[in-house]
Amino acid sequence: MNDVSDRKNRPDLDAYWMPFTANRQFKADPRLLVAAKGMYYRTEDGREVIDGASGLWCVNAGHGREEIAQAVGQQLLTLDYAPSFQMGHPLAFDFASALAKLAPEGLDRIFFTNSGSESVDTALKIALAYHRARGEGQRTRLIGREKGYHGVGFGGISVGGLVNNRRAFLTLPGAEHLVHTHDLARNAFSRGQPAHGAERADDLERLIALHGAETIAAVIVEPVAGSAGVLPPPVGYLERLRALCAKHGILLIFDEVITGFGRLGAPFAAQVFGVAPDLMTTAKGLTNGAFPMGAVFASRAVHDALVQGPGNAIELFHGYTYSGHPAACAAGLATLEIYRRERLLTRAADLAPAFEAAVHGLRDCPHVIDIRNLGLMAAVELSPREGAPGARGYEAFVGALKAGALVRFTGDTIALSPPLIATPEELERLVAILRSVLIGLA
Ligand SMILES: Cc1ncc(COP(=O)(O)O)c(C=O)c1O
């Protein structure tokens, strides 16, 4: 325990019901961050902690970016809020145009939301509305994948494939799941995309045979599963899924909430893999995590099928009070300018080889059963302790924080996704801290 004098300004912890947190365990021994700059957080007891997780996969340009703070502050003083239903303000149009230029070819119609979860539910609703507008309203099934994470809205948990996020809640009828692609037996310690498993995309054929293609609206997958513990797609998998969806008139949605904005060495994973979805969901790096915002990118075909009919009719009965919020758009435009100036959206491609080598260097640490990586994402999977699954993952997370690094953990898998501004030395430092922790794990 640190000296309590460090914590004399600690807030009362009772009222805040924390998300995705073991509240009582946390409040018994809190972990509070009080400041951040560049690659580093500062804890309440004044320690520097290297950010190995980009916060929560979102602070791609590093912390404390003044241009973003200034743009938001200025915007709040100029136009703090404008309704976006039947009204507009210039920044939302400017930001959408700028995003359209970055987007994979053809995905240049942008719908604003406030989070990844809202982006996912928006994309699923657009998919349903698209089919209905084309006279195929019977296409109502939504297909996700085991181990997928698509946020916490009812749509997102229905297509999501992580049991803890589903079991206490209602899920949508007609939501189905492809098999996941995690295959330790064949792919353990793969560097980059694993060689085996493209055929798992054919699981879509099983669902088509069971239900009929004409009942299926969309398939949604993360190009690289993030929250499940960094699962890059097997070579050829996404291509196969794309071909099957096209063949059967099913929309393909890429959930790029994590992979978007440079995580894999190009603006979007769709560009890295050369596979074009019909819809793409984003959030997080869209505003460098500095302001809540999400965006759905739609193909012209999807957009144009919906935006038709009488010119005075609302085409899509969907939107949020804060869709295209002026301050969020200001944050987003300033973020894109930083990405452009510092060439951050392709920097992960330069850093990836050294990062891969460093992370795979952890292979000899105790309990390590797999290491996976792509771009500036990586995971180290530990064997679960007998009778206590998840304990090693949690201990590694807490141990790393004490040793000076913020990492993510899911079960017994440690995930790394450092900001794209990291230097090779900082990446080495991050991995060295993790090594020091893994070596000491019981
Ligand atoms: C792939 C993916 N989709 C959706 C979400 C949900 O985003 P949010 O937490 O902003 O609602 C996340 C969050 O981690 C995510 O990783």
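For what it's worth, the numbering used here labels the leading residue of the sequence shown as 958, then goes sequentially. Glycine residues also receive a C-beta, built at the ideal position from the N, C-alpha and C atoms.
Reduced DSSP secondary structure (H/G/I, E/B, other) of residue i
i        : result
Phe-1069 : strand
Val-1400 : The displayed coordinates of the chain run from 958 to 1399. Any statement about residue 1400 would go beyond what the structure contains.
Phe-1225 : coil
Asn-959  : For Asn-959, the predicted model reports a pLDDT of 44, less than 50, meaning its position is unreliable and no value from the coordinates is stated.
Gly-1101 : strand
Thr-1367 : strand
Arg-1091 : coil
Phe-1211 : strand
Arg-1329 : strand
His-1137 : coil
Val-1316 : helix
His-1260 : helix
Val-1253 : strand
Tyr-1296 : helix
Leu-1127 : coil
Ala-1080 : helix
Glu-1343 : coil
Close Cβ partners of residue i (< 6 Å) along its chain, the five nearest in sequence each way excluded
i        : result
Val-1109 : Ser-1074
Asp-1065 : Ala-1057
Leu-1141 : Asp-1327
Met-958  : Since pLDDT at Met-958 reaches only 40, below the 50 mark, its modelled position is unreliable, and no value is offered.
Minimum C-alpha distance to residue i - residue among the options
i        : options                                : result
His-1134 : Phe-1111, Asp-1212, Arg-1163, Ile-1100 : Ile-1100
Pro-1130 : Arg-1297, Gly-1092, Ile-1173           : Ile-1173
Leu-1339 : Ala-1372, Thr-1035, His-1046, Ala-1026 : Ala-1372
Ala-1252 : Pro-1190, Asn-1071, Cys-1015, Ala-1175 : Asn-1071
Glu-1024 : Arg-1102, Lys-1104, Gly-1045, Leu-1293 : Leu-1293
Pro-1191 : Ala-985, His-1282, Phe-1111, Asn-1144  : Asn-1144
Glu-1062 : Arg-1386, Pro-1224, Gln-1095           : Pro-1224
Ala-1158 : Thr-1138, Phe-1146, Pro-1151           : Thr-1138
Leu-1221 : Met-1334, Ala-1155, Phe-1111, Cys-1322 : Met-1334
Gly-1242 : Asn-966, Phe-1042, Ser-1374, Leu-990   : Ser-1374
Gly-1012 : Ala-993, Gly-1030, Gln-1027            : Ala-993
Pro-1052 : Leu-1308, Phe-1069, Phe-1042, Tyr-1038 : The sequence as given places Phe at residue 1052; Pro does not occur at that position. Ranking the options by Cα distance to Phe-1052, first place goes to Phe-1069.
Asp-1078 : Ala-1227, Ala-1288, Phe-1211, Val-1232 : Phe-1211
Leu-1201 : Asp-1160, Leu-1395, Ile-1396, Ala-1315 : Asp-1160
Unbroken alpha helix (DSSP H) run spanning residue i, endpoints
i        : result
Val-1116 : 1111-1116
Lys-1204 : 1194-1204
Arg-1392 : 1381-1396
Residue i: first and last residue of the uninterrupted beta strand (DSSP E) it sits in
i        : result
Ile-1177 : 1173-1178
Thr-1238 : 1236-1239
Leu-990  : 990-994
Val-1006 : 1005-1008
Residues of its chain near residue i, where Cβ-Cβ distance is below 7 Å and the 5 sequence neighbours each way are ignored
i        : result
Phe-1126 : Ile-1114
Residues near residue i in its chain [Cβ-Cβ closer than 8 Å; skip 5 each side]
i        : result
Val-961  : Low per-residue confidence applies at Val-961: pLDDT is 46, beneath 50, and the placement is therefore not dependable, though the value from the model is reported in the following sentence. Same-chain partners within the cutoff: there are none.
Leu-1331 : Gly-1149, Gln-1150, Val-1181, Val-1187, Pro-1189, Leu-1221, Ala-1309
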